[in-house]
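Chains as they are written, first to last, in the working numbering: chain A, 252 to 667; chain E, 3 to 77.
Glycine is no exception: its CB is placed at the ideal position from the N, C-alpha and C atoms.
For reference, the structure discussed in these notes is given below.
Structure representation (structure tokens):
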């Protein structure tokens, strides 16, 4: 049974967008060029991509939301108007906004507004205030389950309705990176690098190692946990039933800066979890299966965030990902023989062996995972395809020349 | 003579260069990125030659740029 909770996926590019669609997302959110919270990401879409995004998603019945949620200066005002006008023309469903200039202009143009995490909605009166402008609001990531439930109950009790006449829909973050500060209120990056997190240009100081130095005697203290400001990633799949019970309408997955296979795996797991809650088959066994799968893609270790009432964060002990699997680049797509169902790739690095687990990503293909059971090099059956060779193997999905081929290996193998 | 170069595509519109070297920079209302006044665009590198007197302000702008896309050279 399909859950009534909307599953919202991050899309940093067409590959992630397709992965989100293919794996059961109800909606996607993404940024264009600047004025979104991932200004540094090279993979943001451009304004010219909006039609294709809207078209691909509409076909699949997936809603589309454009992030336009940074701090806004006077010099940004005309581009904001341009972006919102393009949103309207291209059929994108809503903008995710925090600045009043964006909220006001979008409303004046009849474009739906979602309230961004940058506005830190933490109480029902704030919901009432923004209900004049928005039908959907994401709550601050620092609330407990009880606080989330009180706000959802308050909306029903006070009959707080958005501009479309329906009760305001509450959204929460269900999975992904957490900020060491309350979202939108961190100035570390600005102070150290002139690079404002609130303009989407965070340099992620919190993810680095630090020492504490006693200025009086110069003693340096290295803390047991070296990444004292870097929170583990949020994961709610092990108590998702409780989270759904609070009355939320939208579950948002963080990670526009992450790879397409992260989107594919995470969305698939949360899709299964939400639907199993809906049909009453959510179980511990399933949870451990999902957790194991979620650990295969980018993560800094998991914790339940502040939902379960924890006052202080849990800090990661790794600089980057603790994913149990890594992908290793092998080569690029060449041709797909659709009658025979054979994919052809050019190996540009490393080598492909029989039995390897592979991952194919691309802007149209999205994410495809498979295992090599048989392959041919130069028209001969082969066990190994070395660098420079052209390899063919049977594959159910169509591949394209814009696709990249990776092999998936346990993380230890890459480090050794 | 001073040569200033700006890789405009990578600009994130923080406004520092305008604050620090107003005579040479403006924010574009078209795309919210900084524009190097008088510059010529060659394959994304916007370049202009200016008097020595402009060196200090533009050097400060280059240092403040969070994405390091401004280069100021005295020749």
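query                                                                                                                     : result
Close beta carbons around residue 19 of chain E, own chain, < 6 Å, minus the five adjacent residues each side             : 27, 36, 63
Bounding residues of the beta strand (DSSP E) (the contiguous stretch that carries residue 429 of chain A)                : No beta strand (DSSP E) contains residue 429 of chain A, which DSSP labels as neither H nor E.
Residue 338 of chain A and residue 301 of chain A closer than 8 Å at C-beta                                               : yes
Under the three-state DSSP convention, the category residue 260 of chain A falls into                                     : strand
Chain-ordered chain A contacts of residue 17 of chain E [CB-CB under 8 Å]                                                 : 324, 326
Chain-ordered residues of the stretch 44-69 of chain E with a beta carbon less than 8 Å from chain A                      : 66, 67, 68, 69
Cross-strand partners of residue 387 of chain A (DSSP beta bridge)                                                        : A/365, A/420
Alpha carbon of residue 22 of chain E to alpha carbon of residue 446 of chain A, nearest angstrom                         : 15 Å
Coarse secondary structure for residue 207 of chain A, derived from DSSP in three states                                  : With chain A covering 252 to 667 only, the question about residue 207 of chain A has no answer from this structure.
Against chain E: residues of the stretch 440-451 of chain A by CB proximity under 9 Å                                     : 440, 441, 444, 445, 446, 447, 450, 451
Short CB-CB distance (under 8 Å) between residue 77 of chain E and chain A                                                : no
is_contact[residue 330 of chain A, chain E] using C-beta, thresh 8 Å                                                      : yes
Residues within the stretch 18-35 of chain E neighbouring chain A, beta-carbon criterion of under 9 Å                     : 18, 20, 28, 29, 30, 31, 32, 33, 34, 35
Partner residues on chain E for residue 285 of chain A, Cβ-Cβ distance less than 9 Å                                      : 13, 14, 15, 33, 34, 35
Nearest-angstrom Cβ-Cβ length linking residue 419 of chain A and residue 399 of chain A, presumed shorter than 8 Å        : 13 Å between Cβ atoms; not a contact.
Where the alpha helix (DSSP H) containing residue 515 of chain A begins and where it ends                                 : 511-529
Closest Cα partner of residue 648 of chain A within the set A/609, A/619, A/636                                           : A/619
Segment contact, 8 Å Cβ cut-off, at least three pairs: the stretch 492-507 of chain A with the stretch 572-585 of chain A : no
CB contact flag (residue 413 of chain A, residue 375 of chain A, <8 Å)                                                    : no
Buried or exposed by the 16-neighbour rule on C-beta atoms within 10 Å, applied to residue 467 of chain A                 : exposed
C-beta atoms of residue 602 of chain A and residue 638 of chain A nearer than 8 Å                                         : yes
Unbroken stretches of the alpha helix (DSSP H), 4 residues or longer, contained in the stretch 309-357 of chain A         : 328-341
Whether residue 488 of chain A touches residue 275 of chain A by CB criterion (8 Å)                                       : no
Helix, strand or coil at residue 436 of chain A [DSSP, three-state]                                                       : coil
Euclidean distance between Cα positions of residue 257 of chain A and residue 387 of chain A                              : 11 Å
Residue of E/17, E/47, E/52, E/56 minimising C-alpha distance to residue 325 of chain A                                   : E/17
Straight-line gap, residue 611 of chain A to residue 550 of chain A (C-alpha atoms, nearest Å)                            : 20 Å
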